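In what follows, a single structure is set out as structure tokens and then discussed.
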Amino acid sequence: MVSTPIYNPNWFVDGISHKNYNKLRTSKDIPQLNRAIQGLYPPGSTIKPMVALAGLEQGVVTTHHKVYCPGFFKLPNVRRKFNDWKRSGHGIVDAKDSIAQSCDVYFYDLANKMGIDNLHDGLKPFNFGAITGIDIPGERGGILPSKAWKKINKNEPWYRGETLITGIGQGFMTSSPLQLAVATAALANQGVIIQPKLLKSIQAPGDSIKNTARSPQKQIPIKDIHNWEHVIEGMRQTIYAPKGTARRLNKNLKYTLAGKTGTAQVFGLDAEEQYIAANLKEHLRDHALFNGFAPIENPKIAIAVIVENAGSGSEKAAPLAKAVLDLYFEKQAKSKH
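The opening residue of the sequence shown carries number 975 in our numbering; numbering runs sequentially from there.
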């Protein structure tokens, strides 16, 4: 678990100086925030596998359902266009294609068919909107919106357009990197939600080592395992298909990897506006995200990476995730010799 930027914890050993305390207090980068468990970000397209699975398991669509993507989506009798990141469109796509290519239009359509409360109910089992229960203090739970949530927190009605953007992990929805990793692990584990834990064992002076209890687990109900396999195939194609958004990762890859890229908007654009990072202040630029697990056939590790205001998930977050996974599997190989 990593959070950057960091500060020197030795500053606190003998009492922190006024100078160093003021450095921490006034830093715009907030280094004292543990971003892994306290940083809340729009998850963006990284939740598309979970959204697809929710739609499939609820019977809203089937694995054979296809959508034509012209590069935008329109609600009936609404002027606004909801743009795909690929303005020229993806053509005809099913769920796995839409995960691999990160087609927004498929998920606008699916979210619209589901409605916000079914979308909420489909994502809740993955622990979104709640803390993971990790054994360190300060964790924050994120937001999983619904009609009731908006009424309580905003005292406003829910609008259909908000459902569409929730379907691509934008709008009111937020998640910490750890929450996203736990949800990704649940996909890899065929629905098992594991409570993350850092403490392995305890040994008091003169006592033997006492291992801590195994982490509690919850099982997401599975209606049709083929739905899960379809979604995971989409994540596999993200890495290995010619149009996969993280296809650059498969060069010299020594293990099988399933993943999903994400690029989360920090602020909204008008329908006809183009996103140009160079024209924006850094704190307004998109966040880069990637989540995944490996190896596909026998998962050992799940990962979620968020790089603040870095832009494209495929260019910035995915290579970081690969570097971490490479190191993990290198260490695993060495430990066997």
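For glycine and all other residues, C-beta sits at the position ideal for the given N, C-alpha and C. Source: prediction; values computed, not measured.
Given this structure, state the Cα-to-Cα distance separating residue i from residue j, to the nearest angstrom.
| i | j | result |
| --- | --- | --- |
| A1232 | A1028 | 19 angstroms |
| T1158 | G1089 | 23 angstroms |
| V1281 | G1180 | 45 angstroms |
| D1078 | T1137 | 13 angstroms |
| T1212 | K993 | 48 angstroms |
| A1155 | N1129 | 32 angstroms |
| G1103 | K1296 | 27 angstroms |
| T1106 | E1207 | 26 angstroms |
| K1022 | Q1177 | 43 angstroms |
| F1081 | S1182 | 54 angstroms |
| I1139 | A1085 | 8 angstroms |
| L1097 | M1024 | 7 angstroms |
| K1087 | Y1042 | 15 angstroms |
| T1230 | K1217 | 18 angstroms |
| G929 | E1203 | There is simply no residue 929 to check, as the chain begins at 975 and stops at 1311 in what is shown. |
| T1020 | G1141 | 11 angstroms |
Please name the residue or residues paired with residue i in a DSSP beta bridge.
| i | result |
| --- | --- |
| F1264 | T1235 and V1279 |
| Y1214 | Answer by DSSP bridge pairing: none, since Y1214 is not bridged. |
| Q1191 | I1168 |
| I1139 | Answer is none; I1139 lacks a bridge partner. |
| N1185 | S1175 |
| Y1042 | I1066 |
| F1047 | F1056 |
| Y1133 | Note: Y1133 sits in no beta bridge, so no partner. |
| Y1229 | According to DSSP, which records beta bridges pairwise, Y1229 is partnered with nothing at all. |
| Y1302 | In the DSSP output, where bridge partners are listed per residue, Y1302 has none listed. |
Thinking C-alpha only, which one of the options is nearest residue i?
| i | options | result |
| --- | --- | --- |
| A1238 | R1054, L1084, G1143 and P1099 | G1143 |
| K1124 | E1304, M1147 and D1109 | M1147 |
| I1277 | E1289, E1271, D1260 and D1300 | D1300 |
| P1293 | S1189, G1266, A1307 and K1305 | G1266 |
| G1115 | Y1229, S977, Y1042 and G1013 | G1013 |
| I1117 | P1111, K1274, I1126 and D1109 | I1126 |
| F1056 | G1063, S1062 and K1048 | K1048 |
| E1289 | A1262, A1268 and V1298 | A1262 |
| A1220 | Y1229, K1228 and M1209 | M1209 |
Using beta-carbon positions only, say whether residue i and residue j come within less than 8 angstroms of one another.
| i | j | result |
| --- | --- | --- |
| P1017 | S1120 | no |
| L1152 | I1066 | no |
| A1074 | A1026 | no |
Shorter than 8 angstroms from the beta carbon of residue i to some beta carbon of chain D?
| i | result |
| --- | --- |
| V976 | The displayed structure is made up of one protein chain only, and chain D is not part of it. |
Fully enclosed by the stretch 1052-1130, which alpha helix (DSSP H) runs are 4 residues long or longer? As for any alpha helix (DSSP H) of minimum length 4 sitting wholly inside the stretch 1052-1130, the runs are 1069-1075, 1078-1088, 1090-1097 and 1121-1128, ordered along the chain.
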